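In UniProt numbering, the protein residues as written are 1 to 110.
Where is the CB? At the ideal position from N, CA and C, for every residue including glycine.
In this text, all values refer to a predicted model and were calculated from it rather than measured experimentally.
Here it is, written out as structure tokens:
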């Protein structure tokens with residue numbers, strides 16, 4: 001298979017796959033499954049790998065303490081493992097972008 005030329009550093013944020021199958025090097029975490037699933041159904045859904053989504057069905061109910069005390073300890077290992085797997089695909093890991101909300105139970109608490 002012939003791959004089109006890529007710009008230098010273009011694989012920093014996406015995985016090395018044919019240009020038509022680019023996948024964001026991203027881990028999406030939310031304790032309300034419907035929020036993350038909506039991303040898959042949206043116009044950019046094909047850019048994300050569903051195997052890199054970490055969700056729960058119950059949600060944090062916009063409660064910081066619930067996200068911090070309940071989901072933090074429960075999901076820390078899965079989040080670190082997903083991060084490790086994503087980092088292993090890199091030839092030369094340069095850093096991380098961490099984007100989270102300041103409100104709600106998952107973004108502020110987890």
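Rounded Cβ spacing between residue i and residue j (contact assumed at less than 8 Å)
i          : j          : result
residue 76 : residue 52 : Not confirmed; about 16 Å, so no contact.
residue 22 : residue 47 : 7 Å
Boundaries of the alpha helix (DSSP H) in which residue i is found, first to last residue
i          : result
residue 40 : 33-41
residue 27 : From DSSP, residue 27 is part of no alpha helix (DSSP H); its letter is neither H nor E.
residue 61 : It is not in any alpha helix (DSSP H) - residue 61 carries neither H nor E in the DSSP assignment.
residue 72 : 72-88
Local conformation of residue i per DSSP, three classes
i          : result
residue 93 : coil
Residue nearest to residue i in terms of C-alpha spacing, selected from the options
i           : options           : result
residue 98  : 23, 79 and 90     : 79
residue 56  : 93, 33 and 38     : 33
residue 31  : 94, 60 and 88     : 60
residue 44  : 24, 72, 92 and 84 : 24
residue 104 : 90, 37, 85 and 67 : 67
residue 49  : 58, 72, 91 and 29 : 29
residue 71  : 106, 27 and 41    : 106
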